[in-house]
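Asks: In this note's numbering, the protein residues as written are 93 to 339.
For glycine and all other residues, C-beta sits at the position ideal for the given N, C-alpha and C.
Predicted model only: the values in this text are computed from it and were never measured.
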Ligand code: CA
């Protein structure tokens, strides 16, 4: 089935560097958004590694996996991403100034009409189906855990002191694994990968409205970034839109 995809990143209005990165690899049908953290340089190094080193590690695997059962694919992706995370952590520990280096991962590998999702941190993956937007990933953040356990209300999240703290990410201590899921896609559906610079600035209803207003991925990316900047642009903003069998 034909795929149309585009990604775009923007520094926002308040930051002095862009620590986000993305990958649109139409050949492998691999799509990634990553948001780096750590000191200025460390964050950039981490997110760039997610969109360059991880795809290299996956390169030969994806070819080999293309006919494998879903469970084998999920397990292999999970293991490879965990290995990559450990590698990044070791590299950070070995280099001065790189301590605390880490990054989020929102990744989709499309295989025919199946989307394999891998995710760590608070970058998100959404699906637009029948004009309704739903968040497919669960944030790995402290506030998300507090909301889940009923300790705080969702409306308190934006101003909570732990806001922005991640419970799981690429490069975090110990053996950490991403969440994996596989989603069946239907013609006309669209996927959105984004960093928190988008969803932190715009409510989901506004994101959905803009996607519907802009059927072309490139246009949608531009409109979403513009709207996030108009809402304050407090953080770097990265968006990636995939149209599955565009009309
Ligand atoms: Ca961010």
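Tell me which same chain residues have a C-beta within less than 7 Å of the C-beta of residue 249, skipping the five on either side of it?
Replies: 235, 239, 255
Asks: Going by Cα to Cα distance, which pick from 176, 214, 129 is closest to residue 189?
Replies: 129
Asks: Closer than 6 Å from C-beta to any heavy atom of ligand 1: which residues, in chain order?
Replies: Those satisfying the condition are, in chain order, 127, 287, 288, 289, 327, 328.
Asks: Is the distance from the Cβ of residue 169 to the Cβ of residue 208 below 8 Å?
Replies: yes
Asks: With residue 235 as the anchor, note down where its beta strand (DSSP E) starts and where it stops.
Replies: Taken as a continuous stretch (DSSP letters only), residue 235 belongs to no beta strand (DSSP E), being part of the alpha helix (DSSP H) at 234 to 240.
Asks: What whole-angstrom Cβ distance do residue 143 and residue 126 have, given they're in contact under 8 Å?
Replies: 6 Å
Asks: Going by DSSP in three states, residue 121 sits in which element: helix, strand or coil?
Replies: Residue 121 sits in coil when the DSSP states are folded into three classes, being neither helix nor strand.
Asks: Would a C-beta distance cut-off of 8 Å place residue 139 and residue 117 closer than the cut-off?
Replies: no
Asks: Excluding the 5 residues preceding and the 5 following residue 281 in the sequence, name in chain order all residues of the same chain whose CB lies nearer than 7 Å to its CB.
Replies: 219, 220, 221, 336
Asks: State the DSSP-derived secondary structure class of residue 296, mapped to helix, strand or coil.
Replies: helix
Asks: Enumerate in chain order the residues of its own chain whose CB-to-CB distance from residue 261 is below 6 Å, with the five nearest sequence positions on each side excluded.
Replies: 194, 196, 212, 213
Asks: Report yes or no: do the stretch 158 to 176 and the stretch 96 to 111 share at least 3 C-beta pairs separated by less than 8 Å?
Replies: no
Asks: For residue 321 versus residue 107, is the C-beta spacing smaller than 8 Å?
Replies: no
Asks: Under DSSP, the alpha helix (DSSP H) around residue 321 begins and ends at which residues?
Replies: 309 to 322
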